[in-house]
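Residue numbers are given in the working numbering: position 395 of the sequence shown equals residue 399, and the series is strictly consecutive.
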Amino acid sequence: MYPYLNGYLNMEDYLAYAAERWLAVPWLLKVFMALLSDGVPIKGSRRRVYILIGWGVCLLFSFILAVLPAETPYLTNGTVTNSPTHVVTTLFAARYFAQFVMTFFVALMDQHLMASHGGSFGWGVSVNGMVVISVLVSAGTLAATWFLLLEDESPAGYHVHILSLSEWKLAMHKLFHQRAIVQLMVYMFFSRLCFTYYATSAKAVYEYWAPAGTLTTNIFSSLNAAVYAGAALLIGYGPTMLMLQRFEWRQTVAVSVVVTAALMLIMALFTVYNLVRSAILTLLVEQIIAGFEALAYFVSLLAAVAVAEPGLECTSFSLVATMGNLAVPFAISLSQSIGERFDVYDSEYKSDSSHARAEAMYCFLFAVVVRLLHLLLLALLPECAEAARAMKISRLTGKKGMAIMIAAAVCAGFMVFWALLTVCLSSLERTSCLTVAGGESC
């Protein structure tokens with residue numbers, strides 16, 4: 005999205021960045037869609053019909069974009085300036101593998117954009133051609149959902165009906181009184197915050213000290229989804245599944261945190277102090293880090309699946325997962341705000357001064373410390389699926405329980421507000437430079 009809007013259509017940097025942020029908004033609000041799916045069945049269907057509606061919308065707008073004339077590029081002759089575990093993990097793997105296939109394909113075919121800017125690639129697919137592929141994928145998914153996806157309209161023996169307003173209130177009251185749900189919401193938010201926090205000095209690595217070409221960067225970005233798909237399969241199948249089953253969830257996450265922190269530190273030391281500066285090596289280490297991050301991420305999702313409430317499976321799972329999504333814009337704001345304290349001019353990065361190296365290393369060290377703080381969260385994570393299900397029995401009762409429930413609801417609401425606020429701020433020219441909006445300071 006960013007290369008197309010910024011490089012192809014010459015959209016302002018902040019607007020192209022804001023467009024990507026707006027695309028993430030539905031993921032920030034997925035819990036409300038989950039509430040709709042759980043509480044408003046259509047002809048007895050709580051899942052299948054909503055999937056068909058979603059892909060139908062994708063098909064409609066993809067078709068509209070495919071038949072409309074493509075926008076003329078701003079530059080034409082210029083130069084580029086710059087359930088059971090195995091079932092759950094199989095579904096995750098399928099999702100991320102499909103994401104990898106499409107992003108990898110786009111990374112290769114979008115060299116058409118580079119060619120139109122005077123690049124060295126003469127092959128690729130036009131924008132309309134890429135959207136035609138989107139039409140075919142949407143149509144294929146619609147057909148697969150209609151013919152292959154079956155749904156029990158009376159799951160667990162209860163009658164599916166549209167929830168009344170009082171039933172909505174009781175359902176949410178029930179979920180927020182479950183210690184397991186609230187505890188995992190807190191864990192997921194801070195877990196994603198620790199893993200998503202980044203060193204802003206990484207800009208020096210990617211732009212000045214170990215730069216990689218556009219094609220190489222795009223290919224490795226697409227490989228990230230393949231790494232997540234592979235991690236999901238490792239958890240659910242084969243000898244790695246048996247090996248991981250010997251460990252508790254907490255141990256698996258602890259190993260992931262320590263290994264990724266160590267790799268981040270080693271990569272920073274080698275690159276910042278010019279021991280080894282290789283773009284390919286840096287990108288490969290990032291994929292290894294992504295693999296361990298994926299293990300920790302899927303463990304938290306398995307915990308969310310284990311505590312899902314019958315009849316409100318989608319809502320209870322989305323409450324936990326959405327807190328992880330809401331942590332991302334907060335982590336961006338935090339990273340930029342703290343990174344500003346270690347910021348140096350680009351000219352110093354180019355000259356590779358000792359001051360620039362020191363500031364960059366301090367920034368990386370802070371990111372490593374934030375990641376290691378994740379170890380303090382492990383007490384919130386159940387040891388295994390059985391422990392997670394046993395935790396569901398525990399309820400938040402009395403004045404203390406009520407206070408925790410209200411605090412959790414207020415904090416969740418505030419994070420939704422914060423996420424939407426940062427997206428709006430990043431869309432306006434005067435505020436897009438603010439660190440809270442993900443900018444580099446005004």
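Note that CB positions come from ideal geometry on N, CA and C, so glycine has one too.
A quick note: this is a predicted structure, and the numbers were derived from the prediction, not measured.
Worksheet item: At what residue ranges does the segment 157-220 contain a whole run of the alpha helix (DSSP H), taking only runs of 4 or more?
Response: Within the segment 157-220, the complete alpha helix (DSSP H) runs of at least 4 residues are 169-180, 183-200.
Fill in: Per-residue DSSP class, three states only, for C415
Numbered from 1 along the sequence shown, position 411 holds the residue referred to as residue 415. Three-state DSSP puts C415 in a helix.
Discussion item. Per the DSSP calculation, I137 is bridged to which residue(s)?
Written reply: Numbered from its first residue, the sequence shown carries residue 137 at position 133. DSSP output for I137 lists no bridge partner at all.
Worksheet item: DSSP three-state call for R52: helix, strand or coil?
Response: Translated into positions along the sequence shown, residue 52 becomes position 48. In this structure, DSSP gives R52 a helical state, which the three-state scheme calls helix.
Fill in: Other residues of its chain near V2: CB distance less than 6 angstroms, five sequence neighbours each side excluded
Because the chain spans 5 through 446 in this model, residue 2 falls outside it and cannot be assessed.
Worksheet item: Who does I46 pair with in a DSSP beta bridge?
Response: Position 42 of the sequence shown, counted from the first residue, corresponds to residue 46. Bridge partners of I46: S49.
Worksheet item: Based on Cα-Cα distance, which residue from F334, V309, L338, P314 lies nearest to V324?
Response: Taking the first residue of the sequence shown as 1, we reach residue 324 at position 320. Of F334, V309, L338, P314, the smallest CA-CA separation from V324 is found for V309.
Fill in: Segment limits, alpha helix (DSSP H) that includes T435
If you number the sequence shown from 1, residue 435 lands on position 431. Taken as a continuous stretch (DSSP letters only), T435 belongs to no alpha helix (DSSP H), as it is neither H nor E.
Worksheet item: Looking only at its own chain, which residues have a Cβ that is under 6 angstroms from the Cβ of N86, when we skip the five neighbours before and after it?
Response: Here residue 86 corresponds to residue number 82 of the sequence shown, with the count starting at 1. Only weak support is given to the placement of N86: the predicted model assigns it a pLDDT of 38, under 50, and the question is left unresolved by the model.
Discussion item. Rounded to the nearest angstrom, what separates M247 and Q255 at their Cα positions?
Written reply: Position 243 of the sequence shown holds residue 247. Position 251 of the sequence shown holds residue 255. Their backbone Cα atoms lie some 12 angstroms apart in a straight line.
Worksheet item: Where does A233 sit, in a helix, a strand or coil, going by DSSP?
Response: On the sequence shown, residue 233 is found 229 positions in, with the first residue counted as 1. Helix.
Item to complete: Starting from the N-terminal side, write out each stretch of the alpha helix (DSSP H) that is 4 residues or longer and does not extend beyond the segment 279-350.
Response: 283-310, 317-343
Item to complete: Please list, in chain order, all residues of the same chain as F67 whose beta carbon is under 7 angstroms from its beta carbon, the five residues on each side excluded.
Response: Stepping through the sequence shown from its first residue, residue 67 is reached at position 63. Contacts found: V139.
Discussion item. For a test of your reading of the model: does the CB of Y241 fall under 8 angstroms from any non-hydrogen atom of the ligand GDP? Yes or no.
Written reply: Absent from the structure shown: the ligand GDP. Ligands present: none.
Item to complete: State yes or no: is the C-beta of Y212 within less than 9 angstroms of the C-beta of D356?
Response: For the purposes of this step, residue 212 is identified with residue 208 of the sequence shown, where counting begins at 1. For the purposes of this step, residue 356 is identified with residue 352 of the sequence shown, where counting begins at 1. The answer is yes: Cβ separation under 9 angstroms.
Discussion item. Measuring only the C-alpha atoms, how far is G443 from P45?
Written reply: Counting from 1 along the sequence shown, the entry for residue 443 is found at position 439. Counting from 1 along the sequence shown, the entry for residue 45 is found at position 41. For G443 and P45, the distance between alpha carbons rounds to 42 angstroms.
Item to complete: May I ask you to report which of helix, strand or coil DSSP gives R25?
Response: Numbered from its first residue, the sequence shown carries residue 25 at position 21. Three-state result, R25: helix.
Discussion item. Our contact map puts F224 next to Q182 with C-beta atoms below 8 angstroms; I'd like the distance itself, whole angstroms only.
Written reply: Within the sequence shown, numbered from 1, the residue matching residue 224 stands at position 220. Within the sequence shown, numbered from 1, the residue matching residue 182 stands at position 178. Not quite, the Cβ-Cβ distance comes to about 40 angstroms (not below 8 angstroms), so this is no contact.
Worksheet entry | One or two residues paired with R399 in a DSSP bridge | As a first step, residue 399 is located in the sequence shown; it is residue number 395 there, counting from the start. Looking at the DSSP assignment, R399 forms a beta bridge with Q182.
Discussion item. Taking the straight line between their C-alpha atoms, what separation do you get for L3 and H359?
Written reply: Only positions 5 to 446 of the chain appear in this structure, which leaves residue 3 out of reach.
Practice prompt. Give a yes or no on whether the C-beta atoms belonging to T319 and L179 are separated by under 9 angstroms.
Written response: Stepping through the sequence shown from its first residue, residue 319 is reached at position 315. Stepping through the sequence shown from its first residue, residue 179 is reached at position 175. Yes, Cβ-Cβ distance for T319 and L179 is below 9 angstroms.
Practice prompt. Go ahead and pull the three-state DSSP assignment for F151.
Written response: Position 147 of the sequence shown, counted from the first residue, corresponds to residue 151. Correct three-state label for F151: helix.
Worksheet item: So what's C428 in DSSP terms, helix, strand or just coil?
Response: On the sequence shown, residue 428 is found 424 positions in, with the first residue counted as 1. Here C428 sits in helix by DSSP.
Worksheet item: DSSP on G240, reduced to helix/strand/coil?
Response: As a first step, residue 240 is located in the sequence shown; it is residue number 236 there, counting from the start. Helix, per DSSP.
Fill in: Simplified DSSP state of S357, which is helix, strand or coil
Locating residue 357 in the sequence shown gives position 353, counting from the first residue. Reduced to three states, the DSSP call for S357 is coil.
Worksheet item: Just the Cα atoms here: how many angstroms apart are I284 and P215?
Response: On the sequence shown, position 280 is the one that residue 284 refers to. On the sequence shown, position 211 is the one that residue 215 refers to. Using only the alpha carbons, I get a separation of about 9 angstroms.
Worksheet entry | Alpha carbon of Y162 to alpha carbon of A175, nearest angstrom | Position 158 of the sequence shown, counted from the first residue, corresponds to residue 162. Position 171 of the sequence shown, counted from the first residue, corresponds to residue 175. Summary for Y162: the model assigns pLDDT 49, below 50, so the residue's position carries little reliability; its value from the coordinates is reported in the next sentence. Roughly 15 angstroms between the two C-alpha positions.
Worksheet item: CA-CA distance, G58 and A148?
Response: Position 54 of the sequence shown, counting from 1, holds the residue named residue 58. Position 144 of the sequence shown, counting from 1, holds the residue named residue 148. Approximately 13 angstroms between the Cα atoms of the pair.
Worksheet item: Anyone know if the C-beta pair for V29 and A70 falls short of 9 angstroms?
Response: Residue mapping note: residue 29 aligns to position 25 of the sequence shown, counting from 1. Residue mapping note: residue 70 aligns to position 66 of the sequence shown, counting from 1. Cβ distance not < 9 angstroms, so V29 and A70 don't count as in contact.
Discussion item. Between which two residues does the alpha helix (DSSP H) holding S260 run?
Written reply: Numbered from 1 along the sequence shown, position 256 holds the residue referred to as residue 260. Where S260 is concerned, the enclosing alpha helix (DSSP H) stretches over 253-276.
Practice prompt. Pick helix, strand or coil for S445, following the three-state DSSP scheme.
Written response: Translated into the one-based positions of the sequence shown, residue 445 becomes position 441. S445 falls in the coil class under three-state DSSP.
Worksheet item: Do you know how far the Cα of E155 is from the Cα of E313?
Response: To locate residue 313, count along the sequence shown from 1; it is residue 309. To locate residue 155, count along the sequence shown from 1; it is residue 151. Roughly 18 angstroms separates the two Cα atoms.
Item to complete: Give me the Cα-Cα distance between G1 and L227, rounded to the nearest whole angstrom.
Response: Since the displayed the chain opens at 5 and closes at 446, residue 1 lies outside it and no answer follows.
Worksheet item: Nearest-angstrom Cα distance between L429 and N329?
Response: Counting from one through the sequence shown, the residue named residue 429 turns up at place 425. Counting from one through the sequence shown, the residue named residue 329 turns up at place 325. Taking the Cα positions, L429 is about 18 angstroms away from N329.
Item to complete: Take the Cβ of M192 as the centre, count every other Cβ of all protein chains shown within 10 Å, and call the residue buried at 16 or more, exposed below.
Response: Residue mapping note: residue 192 aligns to position 188 of the sequence shown, counting from 1. By the 10 Å Cβ count, M192 comes out buried.
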